[in-house]
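2 protein chains.
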Amino acid sequence: MKEIPVTSLQRLPIYLNYLKSLDEQDNPGTYISSKIIAEALNMGEVLVRKDLAYTSAVGKTRVGYVRRELIDAIEDYLGCNSKKNAVIFGAGGLGRALLAYSGFKNYGINIVCAFETDPKRCGRLSGKPILEYKYAKPGIEQSGAKLAIIATPASSAQEVADLLVECGIKAILNFAPILLNVPDTCKVRNMDVAANLAILSSYLD
Amino acid sequence: MKEIPVTSLQRLPIYLNYLKSLDEQDNPGTYISSKIIAEALNMGEVLVRKDLAYTSAVGKTRVGYVRRELIDAIEDYLGCNSKKNAVIFGAGGLGRALLAYSGFKNYGINIVCAFETDPKRCGRLSGKPILEYKYAKPGIEQSGAKLAIIATPASSAQEVADLLVECGIKAILNFAPILLNVPDTCKVRNMDVAANLAILSSYLD
Numbered sequence: 004m005k006e007i008p009v010t011s012l013q014r015l016p017i018y019l020n021y022l023k024s025l026d027e028q029d030n031p032g033t034y035i036s037s038k039i040i041a042e043a044l045n046m047g048e049v050l051v052r053k054d055l056a057y058t059s060a061v062g063k064t065r066v067g068y069v070r071r072e073l074i075d076a077i078e079d080y081l082g083c084n085s086k087k088n089a090v091i092f093g094a095g096g097l098g099r100a101l102l103a104y105s106g107f108k109n110y111g112i113n114i115v116c117a118f119e120t121d122p123k124r125c126g127r128l129s130g131k132p133i134l135e136y137k138y139a140k141p142g143i144e145q146s147g148a149k150l151a152i153i154a155t156p157a158s159s160a161q162e163v164a165d166l167l168v169e170c171g172i173k174a175i176l177n178f179a180p181i182l183l184n185v186p187d188t189c190k191v192r193n194m195d196v197a198a199n200l201a202i203l204s205s206y207l208d
Numbered sequence: 004m005k006e007i008p009v010t011s012l013q014r015l016p017i018y019l020n021y022l023k024s025l026d027e028q029d030n031p032g033t034y035i036s037s038k039i040i041a042e043a044l045n046m047g048e049v050l051v052r053k054d055l056a057y058t059s060a061v062g063k064t065r066v067g068y069v070r071r072e073l074i075d076a077i078e079d080y081l082g083c084n085s086k087k088n089a090v091i092f093g094a095g096g097l098g099r100a101l102l103a104y105s106g107f108k109n110y111g112i113n114i115v116c117a118f119e120t121d122p123k124r125c126g127r128l129s130g131k132p133i134l135e136y137k138y139a140k141p142g143i144e145q146s147g148a149k150l151a152i153i154a155t156p157a158s159s160a161q162e163v164a165d166l167l168v169e170c171g172i173k174a175i176l177n178f179a180p181i182l183l184n185v186p187d188t189c190k191v192r193n194m195d196v197a198a199n200l201a202i203l204s205s206y207l208d
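Residue numbers (my numbering), protein chains in the order written: chain A, 4 to 208; chain B, 4 to 208.
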């Protein structure tokens, strides 16, 4: 599978929301063209077609996409119906914000719970449990989660990553500002907030 | 200036921390080679040299870099001494986590304050003020901030972006899961957490 750029992936839920919003209007029509989508969302038509080409949707010349099929193709691509489970490590400010964040469900990702070493931070938040770190291994195994988010301080991130690999986690979104050392069987994406802000700040000079 | 990849930029503070840690040891030596750095940090030597080439540091054949000059070059590149001011919009879970985060100072970025529409969330956190949204315009002007972080819900992010452009903000780190419409004079980097997790989850199939 050709890897989709983050920027394209980020636009798919925007197309989806727009296409679904048409359902609420009277008689939205069977077909919808990339031109109509582009105009409604203030984007370029070529960009829209390129983004949608990552999904299985196929547009027809002149009429465009069957709207209902396009919705299904985007939902399918985003895995909206797949219900993939994910766990969070660290329930400090960032971990708590992520646990409460509702945007994951747009991509079919279900945050099961968070794990935390400080018992005082354990409990429930937004209806989701924050469990003690010592329960991480059985917790991950029971949930069947293959995705994890590391939102711990840098000093404990590698230890957490080692545990995750041991528990069969296959992909890690890492917010800790360190490089994790994991085997090739586990993918890592780094979300270093400060580094991203620094790149922006370099434009100011 | 050639734009540095995020992955390279993220490694610069790691090199810096390592080089500085040598100061605490006895007799660290005048020179340090990319080979020594690579071995100490468990990285490839070519990668280290490539990363360091973004800075003004120049290595000599066989001996490597003057350690003190390399530290200065990395600090200079990261703008550690520049003290760029930034403001945060939104003091929900994510905004509060960012306000309390100490990692920005590694890149010479000083978070001045946060702005928030809900008066109940206003006050102080980690010694930094959370001010009411209505004070955003004079607040930004007084601080001279050119950088901003949007950590509001998607529904208010565009309104905030419009205000930021009006106040002379030149670069925005956007956590809201929408595409911001701003003029070319203002740079935007999107940090869509859910989209990044979704990309990772696509590796699981």
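Heads up, the beta-carbon is just placed ideally off N, CA and C, and yes, glycines get one too.
In this text, all values refer to a predicted model and were calculated from it rather than measured experimentally.
If I measure Cβ to Cβ from residue i and keep anything under 8 Å in the same chain, skipping five residues before and after, which residues do I get?
| i | result |
| --- | --- |
| GLY147 (chain B) | ASN88 |
| LYS173 (chain B) | LYS149, LEU150, THR188, CYS189 and LYS190 |
| LEU44 (chain A) | ILE17, TYR18, TYR21 and VAL51 |
| PHE107 (chain A) | ALA89, ASN113 and ILE114 |
| PRO186 (chain B) | VAL168 |
Taking Cβ-Cβ distances shorter than 7 Å, what residues in chain B pair up with residue i?
| i | result |
| --- | --- |
| LYS149 (chain A) | LEU207 |
Can you give me the Cβ contacts of residue i inside the same chain, cut-off strictly under 7 Å, excluding the 5 residues immediately before and after it?
| i | result |
| --- | --- |
| PRO122 (chain B) | GLU135 |
| ALA103 (chain A) | LEU128 and SER129 |
| LYS86 (chain B) | GLY111 and ASN113 |
| ASN84 (chain A) | GLU78 and GLY111 |
| ALA41 (chain B) | GLY47, GLU48 and VAL51 |
Could you tell me whether the Cβ of residue i comes closer than 8 Å to any Cβ of chain A?
| i | result |
| --- | --- |
| ALA103 (chain B) | yes |
| ASN177 (chain B) | no |
| VAL61 (chain B) | no |
| ASN113 (chain B) | no |
| SER204 (chain B) | yes |
| ARG99 (chain B) | yes |
| ARG65 (chain B) | no |
| LEU1 (chain B) | Given a span of 4 to 208 for chain B in the structure shown, any question on residue 1 (chain B) remains unanswerable. |
| LEU167 (chain B) | no |
| LYS123 (chain B) | no |
| GLY93 (chain B) | no |
Chain A partners of residue i, CB-CB under 9 Å?
| i | result |
| --- | --- |
| VAL163 (chain B) | Those do not exist, as VAL163 (chain B) stays about 16 Å from chain A at its closest Cβ, beyond 9 Å. |
Take residue i as the anchor and find which of the options has the nearest alpha-carbon.
| i | options | result |
| --- | --- | --- |
| CYS125 (chain B) | B:LYS108, B:ILE143, B:GLY98 and B:ILE114 | B:GLY98 |
| LYS53 (chain A) | A:LEU15, A:ILE112 and A:ALA139 | A:LEU15 |
| SER204 (chain A) | B:LYS190, B:LEU101 and B:VAL49 | B:LYS190 |
| TYR57 (chain A) | A:VAL66, A:ALA164 and A:LEU73 | A:LEU73 |
| GLN13 (chain B) | A:TYR206, A:LEU207 and A:ASP195 | A:ASP195 |
| ALA160 (chain A) | A:GLU144, A:LEU183, A:LYS23 and A:GLY142 | A:LEU183 |
| LYS38 (chain B) | B:GLY32, B:VAL49 and B:PRO31 | B:VAL49 |
| TYR206 (chain A) | B:ASN20, B:LEU81 and B:ASP26 | B:LEU81 |
| GLY142 (chain B) | B:GLU119, B:GLU162 and B:ALA154 | B:GLU119 |
| ASP26 (chain B) | B:GLY62, B:ARG70, B:SER36 and B:ARG65 | B:ARG70 |
| ALA179 (chain B) | A:LEU55, A:LEU101, A:GLU169 and A:ALA201 | A:LEU101 |
| LEU167 (chain A) | A:SER105, A:LEU55, A:ILE91 and A:SER11 | A:ILE91 |
| LYS60 (chain B) | B:ILE153, B:LEU176 and B:LEU19 | As written in the sequence, residue 60 (chain B) is Ala, which differs from the Lys given in the question. Per the Cα distances, B:LEU19. |
| LEU209 (chain A) | B:PRO8, B:ARG65 and B:ASN199 | A query on residue 209 (chain A) cannot be resolved here, the shown segment of chain A reaching from 4 to 208 and no further. |
| LYS137 (chain A) | A:CYS170, A:PRO8 and A:GLY32 | A:CYS170 |
| LYS131 (chain A) | A:PRO31, A:PRO186, A:GLY96 and A:CYS116 | A:CYS116 |
| ALA157 (chain A) | B:VAL163, B:ILE133, B:ILE202 and B:SER105 | B:SER105 |
| GLY67 (chain A) | A:VAL163, A:SER36, A:VAL185 and A:ILE181 | A:SER36 |
| ALA201 (chain A) | B:GLU162, B:ASN109 and B:GLU144 | B:ASN109 |
| GLU162 (chain A) | A:PRO8, A:ILE181 and A:ILE133 | A:ILE181 |
Would you say residue i lies against chain B (beta-carbon separation less than 8 Å)?
| i | result |
| --- | --- |
| SER146 (chain A) | no |
| SER24 (chain A) | no |
| ILE152 (chain A) | yes |
| VAL69 (chain A) | no |
| LYS87 (chain A) | yes |
| ARG127 (chain A) | no |
| ALA174 (chain A) | yes |
| ASN84 (chain A) | no |
| GLY32 (chain A) | no |
Quick one: list the residues of chain B neighbouring residue i, beta-carbon separation under 9 Å, in chain order.
| i | result |
| --- | --- |
| GLY106 (chain A) | ALA157, PRO180, ASP195, VAL196, ALA197 and ALA198 |
| GLY171 (chain A) | The premise fails here: GLY171 (chain A) is roughly 11 Å from chain B at the closest Cβ pair, so nothing lies under 9 Å. |
Return the bridge partner residues of residue i from the DSSP annotation.
| i | result |
| --- | --- |
| ASN177 (chain A) | A:ILE153 and A:ASN193 |
| GLY126 (chain A) | A:ILE133 |
| TYR68 (chain B) | B:ILE35 |
| ILE91 (chain B) | B:ALA117 and B:ILE152 |
| ILE112 (chain A) | A:LYS87 |
| LYS63 (chain B) | B:GLY67 |
Residues of chain A with CB under 8 Å from residue i, in chain order?
| i | result |
| --- | --- |
| TYR110 (chain B) | ALA197, ALA198, LEU200, ALA201 and SER204 |
| VAL9 (chain B) | ASN193, ASP195, ALA198, ASN199 and ILE202 |
Kindly list, in the order they appear in chain B, the residues whose Cβ is closer than 8 Å to that of residue i.
| i | result |
| --- | --- |
| LEU81 (chain A) | ALA201 |
| ILE17 (chain A) | ILE181 and LEU182 |
| ARG14 (chain A) | LEU182 |
| GLY130 (chain A) | By Cβ distance, chain B contributes nothing, its closest Cβ being about 15 Å from GLY130 (chain A), past 8 Å. |
Return the chain-ordered list of same chain residues with a C-beta closer than 6 Å to the C-beta of residue i, the five sequence neighbours on each side being excluded.
| i | result |
| --- | --- |
| ALA76 (chain B) | THR58, SER59 and ALA60 |
| GLY93 (chain A) | ALA154 and THR155 |
List, in order along the chain, the chain A residues whose C-beta lies closer than 7 Å to that of residue i?
| i | result |
| --- | --- |
| LYS190 (chain B) | LEU203 and TYR206 |
So with Cβ pairs under 8 Å, would you call residue i a contact of chain C?
| i | result |
| --- | --- |
| GLY47 (chain A) | This model lacks chain C altogether; the protein chains it does include are A and B. |
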